[in-house]
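The listed protein sequences correspond, in order, to chains A and B.
Counting from 1 along the first sequence, just add 692 to a position and that's the residue number in the working numbering.
Counting from 1 along the second sequence, just add 279 to a position and that's the residue number in the working numbering.
Working notes, structure below.
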Amino acid sequence: MAASSPPGRAGRAQQVAWVLAALVAILYPIPFEQSGYVYYETVGFLVLLNAMLGIGWNIIGGWAGQFDFGPNIFFATGAYTAALLSIHFGWNAWLALLGAVVVSVIICAAVTYPITRLRGHYFAIATVAMWMIAQPIGATWELINGSRGLFLPVATGGGFVHGMLTMEFAGRGKGLGFYYLALVLFALTVWGARAAERSKLGFYFRAVRDDQEGAEGIGIDSRLYKVIARCLMAAIFAAGGVLYCFWALAVFPDQVLEVNWNILPMMAAVVGGLGRLWGPVLGSIILIPISQLMTATLGAGPLAGRGIDLIIYGAVIMLIAGWRPNGLLSLPWERWAARLLGRAPAQPVKS
Amino acid sequence: MTLFLQAVADGLQMGLLYALVAVGLTIIWGLMEMINFAHGEFMMLGMFGAWGLSVSLGWDPLVSMVPLAVIMYGAGVLVYRLLMRRVQRGEIFTQIFATVGLFFFIQNGAVAVFTSDYRFVEKSWLTGLSGAHITLGDVRIGVPLLVGGLIALALFLILYLLIDRTDFGLALQATSEDRDAAMLVGIRPQRMYAVAWGLGTALVAIAGVILANFFAVYPQAGLSFTVLAYAIVALGGFGSILGTLMAALVVGVVQSVTAAYLPPAFKDAFVFGSYILIGLLRPQGLFGRF
């Protein structure tokens, strides 16, 4: 990387940029709350939710290099566990979230350990197979009410703080409340993923991805670290599922096992830049508004429900895979920025 | 016991059709070692082709099989030349993503054009035979499925001879064994890969045309067949054409026997479960040579 300014200045510029980004994230819903366009709060909620899931998928797909095409089974596990704990035992939402994460991680470890013997696309197909197995289970299991789904009670009152503590918002405050709930979980995810990336764990994951035999040669148990990577992903997906179930106030098997919970986080990671911490965030900021915009504009027209957004996603994935497989963040932004500001980079960067 | 034998007989017939779905993947994935997650989508296009020609021109699927196979051969070559050639030598994940993108593109393109409604090929020679059956002991074998299975078997044998007994097939195998060495003896690898994609695509489209006689035609028909085909190729051992046939028969029987005793929703679950099991216990496949 060619940094044209001394490290101190660049560091400060970066700090300013982070503070600005955080401010934008925190203040984003305020104007919409004031003006009543609460729909955009929901868009923000979905961006944060998918960015969070994307970071989770990036751990297994980007860092550990194992492609999981069925992560939504843990999204569903989280949503169902939290709903059951909340309905039958009256657990507080945050406690239920904790329970859901624990249950999902245990299930993930149990089902993932056997398939870590499979590599590359064999592993990928095994995850698809698990998703296919989960679908009839979700639709027929009586404990979770089969395809009739589970319903959560609608909140009757309580202010913003009460809502943040219980994930229940009555009336119009819901959009705002869930935006901030998603922001909290998103921030926790970023913090956790950043810590994991810089710890030994992150290096082990990448070692397993880049050279499994070599990693095993220096004593890294590749199967164990693949399981850990998928369990981290499962924890994040479970938390996302919990958030979703309290937002939707209902859990249906075809909704929580929907293909979008597989494809959007994965797309976000790939579009932004596979294996980069902020890749999924950038991808999500780009993709989710597009998909919402298309749903909104096509909503009443003859093309509604025809999967136009998925056609475009498909084309985007093909283009990125064929022409820029390392994602948007891999483009030489710094060089372009320097050129735009009229400064030549200190040394030519070969891309 | 009769129930069991009946299930086995049904399963064997379905297995022949599955073999035809899977053999295209054997060529692309098993032999040429390229991923294609859009495999079932080409089958779905074949089904829609059969339905479209049957509704608009009144062609029997067994007739429209020929032009559709030619068209889909071209489509496969095109996909290779425009997309897959770019991602072929990069990291494996680019291939996975390119074909997952293709999968979404084709499936939802079909949703946009045809909607997700179920459609049926109503007038065809095979559906006209629907009452006819042969009785063996207590087991009834329906003639339409039997004929479909026999067509599949015939195509399968032609393919086997093509790959295993002709110079062209040897060139294909040589390319998959060692691309650079194949180039030295005058084989053009790019052309071989393009032909393999064309063949694989045409075969799965033919499978779709035959299946359109028995199954509803709708845009989401492909995915479960894709996973099934992967399971079959993995079970059969890569690149082994006859292994694919055996594995497809096994899968067909497993599916119909579980369907006979358990709720139908679980019939695929058991097939995929057995894929995971075999992948763990016998990674070289049931009939793999190495």
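Just so you know, even glycine gets a beta-carbon here, dropped at the ideal spot from N, CA and C.
Values in this document were obtained by computation on a predicted structure and should not be read as measured data.
Check                                                                                                                                                                                     : Outcome
For the structure I just gave you, are there three or more beta carbon pairs, one from the region 793-809 of chain A and one from the region 514-526 of chain B, closer than 8 angstroms? : no
By a C-beta neighbour count over all protein chains shown, 10 Å radius and 16 as the cutoff for buried, is T987 of chain A buried or exposed?                                             : exposed
Just the Cα atoms here: how many angstroms apart are A960 of chain A and N742 of chain A?                                                                                                 : 8 angstroms
Quick check: the Cα distance between G965 of chain A and L332 of chain B, rounded to an integer number of angstroms?                                                                      : 44 angstroms
How is M693 of chain A classed by DSSP in three states: helix, strand or coil?                                                                                                            : Any reading at M693 of chain A is ruled out, since the residue's pLDDT is 40, under 50, leaving its predicted position unreliable.
Please confirm if S1043 of chain A has its CB atom under 8 angstroms from at least one CB of chain B.                                                                                     : With a pLDDT of only 47 at S1043 of chain A, under 50, the local geometry of the prediction cannot be trusted, and no value is derived from it.
Using only the alpha-carbon positions, how far apart do L440 of chain B and R458 of chain B sit?                                                                                          : 22 angstroms
Taking 7 angstroms as the limit between beta carbons, can you name the residues of its chain near M856 of chain A, skipping five residues before and five after?                          : G869, Y872, L873
Going by other Cβ atoms of all chains shown within 10 Å of its Cβ, with 16 needed for buried, is T537 of chain B buried or exposed?                                                       : buried
How big is the Cα-Cα spacing for V334 of chain B and G421 of chain B?                                                                                                                     : 25 angstroms
Suppose only complete runs of 3+ residues qualify. What are the beta strand (DSSP E) ranges in the region 389-440 of chain B, listed by chain order?                                      : 412-415, 418-421
Per DSSP, V943 of chain A is paired with what?                                                                                                                                            : A:L842
Across which residues does DSSP place V496 of chain B in a beta bridge pair?                                                                                                              : B:R398
Along chain A, in chain order, which residues have C-beta atoms closer than 8 angstroms to that of L381 of chain B?                                                                       : G1006, M1010
CB-CB under 8 angstroms to E684 of chain A, same chain, minus the five flanking residues each way: which ones, in chain order?                                                            : A question about residue 684 of chain A goes unanswered here, because the residues of chain A that appear run from 693 up to 1043.
Using the three-state DSSP reduction, which class does S1043 of chain A fall into: helix, strand or coil?                                                                                 : Here the model assigns S1043 of chain A a pLDDT of 47, short of 50, so the residue's position is not dependable and the matter cannot be decided.
So G534 of chain B packs on V512 of chain B, CB below 8 angstroms; how close in whole Å?                                                                                                  : Sequence inspection shows Gln at residue 534 of chain B; the Gly mentioned does not correspond to that position. So it is not a contact: roughly 16 angstroms between Cβ atoms.
Over the uninterrupted alpha helix (DSSP H) stretch that includes N662 of chain A, give me the two end residues.                                                                          : The structure shown does not extend to residue 662 of chain A, since chain A is modelled only from 693 to 1043, so the question has no answer here.
Anything in chain B within Cβ reach of V962 of chain A, meaning under 7 angstroms, just list it in chain order.                                                                           : F376
Quick one: what's got a C-beta closer than 7 angstroms to L246 of chain B's C-beta in the same chain, skipping five residues either side?                                                 : Within the shown structure, residues of chain B are numbered from 280 to 569, placing residue 246 of chain B beyond reach of any answer.
Quick check on A816 of chain A: buried or exposed, where buried means 16 or more other Cβ atoms within 10 Å of its Cβ?                                                                    : buried
Can you tell me the Cα-Cα spacing of I765 of chain A and Q827 of chain A, whole angstroms?                                                                                                : 9 angstroms
Name the residues in the region 809-825 of chain A whose C-beta lies less than 8 angstroms from a C-beta of chain B; which are they?                                                      : R809, L810, G812, H813, Y814, A816, I817, A818, V820, A821, M822, M824, I825
For A926 of chain A, I'd like the list of residues in its chain whose CB is within less than 7 angstroms of its CB, leaving aside the five on either flank, ordered along the chain.      : F766, S796, V797, C800
Could one say the Cβ of S503 of chain B lies closer than 8 angstroms to chain A's Cβ atoms, at least one of them?                                                                         : yes
Quick check on D902 of chain A: buried or exposed, where buried means 16 or more other Cβ atoms within 10 Å of its Cβ?                                                                    : exposed
If you follow the alpha helix (DSSP H) that W476 of chain B is in, where does it begin and where does it stop?                                                                            : 468-490
What would DSSP say about T804 of chain A, mapped onto helix, strand or coil?                                                                                                             : helix
Please list the partners that T305 of chain B has in chain A, where partner means a Cβ-to-Cβ separation under 9 angstroms.                                                                : Correct list: empty, because the minimum Cβ distance to chain A is about 15 angstroms.
Give the range of the alpha helix (DSSP H) segment to which G325 of chain B is assigned.                                                                                                  : 318-335
So the candidates are A:L924, A:H813, A:S891, A:D913; which of them puts its Cα closest to the Cα of M744 of chain A?                                                                     : A:L924
Mapping the DSSP letters down to three states, classify R864 of chain A as helix, strand or coil.                                                                                         : helix
Nearest chain A C-beta to I555 of chain B closer than 8 angstroms, yes or no?                                                                                                             : yes
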